[in-house]
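Engineer: The structure that follows is given in the form of structure tokens.
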Amino acid sequence: MDKKRVCKAAALLCGLALCGAAVYLLRPPCLILQHTGLYCAGCGTQRMVTALLRGDIPRAFSHNPFMFLALPLGAIYALWEGWRYGSGKPPLYKRKGTRLAFLGVLLLAAAFTLLRNLPGFSLLGP
């Protein structure tokens, strides 16, 4: 592996760790919920992660089912992309199929956001 690539990857991981620590320690409120009163696709994610750390999987799923499923898939993709980067292979995100998959995830997040704010779908709320 190229030393420059390893340094870039290490810097990225450190930055992600710092962001994660800041979110965990500061627990910022959701600005969308605060200003509109509507739940976004990410509302309940902090409670979901806390429940996962305690080993309470059903409660974690109830806080945010979308992120419960999306975050592990995103982590797998990030690890795969990191492995490809370290191996000197071209990134996946430049492929048309990957871009369509990202668009699909964004559309699912938008649909989840819409559904969890409708009266009949209060079960999807955090």
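The sequence shown runs 3 to 128 under this note's numbering.
Cβ coordinates follow ideal geometry from the N, Cα and C atoms, glycine included.
Here the structure is a predicted model, which is why all the values come from computation and not from measurement.
1. Quick check on this structure: which residue in Asp58, Gly99, Pro60 and Ala103 has the alpha carbon closest to the alpha carbon of Gly76?
2. Once DSSP output is grouped into helix, strand and coil, what is the label at Leu20?
3. Whole-angstrom Cβ separation of Arg49 and Pro128, contact assumed at under 8 Å?
4. Between the Cα of Gly106 and the Cα atoms of Cys9, Ala72 and Leu125, which residue gives the shortest distance?
5. Quick one: what does DSSP say Leu40 is sitting in, helix, strand or coil?
6. Do the stretch 86-96 and the stretch 34-45 meet, that is, are 3 or more Cβ pairs less than 8 Å apart?
7. If Tyr87 and Ala11 are in contact, beta carbons under 8 Å, what's the gap, nearest whole angstrom?
Structural biologist: Straight from the coordinates:
1. Here residue 76 is taken as the residue at index 74 of the sequence shown, counted from 1. With distances taken between Cα atoms, Gly76 lies closest to Ala103.
2. Here residue 20 is taken as the residue at index 18 of the sequence shown, counted from 1. Looking at Leu20 - three-state DSSP - the assignment turns out to be helix.
3. To locate residue 49, count along the sequence shown from 1; it is residue 47. To locate residue 128, count along the sequence shown from 1; it is residue 126. Rounded, the Cβ-Cβ distance is 6 Å, consistent with contact.
4. Within the sequence shown, the letter at position 104 stands for residue 106. Nearest of Cys9, Ala72 and Leu125 to Gly106, Cα basis: Ala72.
5. If you number the sequence shown from 1, residue 40 lands on position 38. Reduced to three states, the DSSP call for Leu40 is coil.
6. no
7. Here residue 87 corresponds to residue number 85 of the sequence shown, with the count starting at 1. Here residue 11 corresponds to residue number 9 of the sequence shown, with the count starting at 1. Confirmed, about 7 Å.
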